[in-house]
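Take a look at the structure below.
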Amino acid sequence: MPQVHNPKISAAAPYVVAGRISLASHLLESTLATRRRVTSLNERETSKLLSVMRKLDKTAKLHETRLDRDMEVYRNKLETLERDMEAYRNRLETLDGKVQQSVGMGEPD
């Protein structure tokens, strides 16, 4: 410590230094506590966000599964309709052939 010639200041100097150390210590503790609170908030917010993301992912997978199932149902219906159309087309061709034969248009020259 520097030499001070005033006895009152010399006597008070250790208390001033101790006060400054105490204040610095208090500020450091306060800063650390604030950091812990912010970190805790960040962890809670991160946890909430992860929870929401998991819920969204589950919902997306559920909808994807439903869409896949619906697509399979519609694919089967489409195949059935295509088979029915082919059957009606064949029947129409058969009936058309019978009509042409009965009218006489289907006989060779």
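To convert, note that position 86 of the sequence shown is 87 in the numbering used here; the numbers rise steadily by one, no gaps.
Ideal placement from N, C-alpha and C gives every residue a C-beta, glycine not left out.
Do you know how far the Cα of residue j is from the Cα of residue i?
i, j, result
"M2", "L24", "Low confidence applies to M2: its pLDDT is 47, below 50, so where it sits in the model is not reliable, and the reading given next is rough at best. Spanning the two alpha carbons is a distance of roughly 19 Å."
"E65", "D97", "47 Å"
"L79", "L68", "16 Å"
"L63", "N77", "21 Å"
"A19", "R36", "25 Å"
"Y75", "R90", "22 Å"
"L51", "D58", "10 Å"
State the DSSP-derived secondary structure class of residue i, mapped to helix, strand or coil.
i, result
"M2", "Its pLDDT being 47, under 50, M2 is placed unreliably in this model, and the value from its coordinates should be taken loosely. Residue state, collapsed to three classes: coil."
"G105", "coil"
Which term fits residue i, buried or exposed, when burial requires 16 or more other beta carbons within 10 angstroms of its beta carbon?
i, result
"E44", "exposed"
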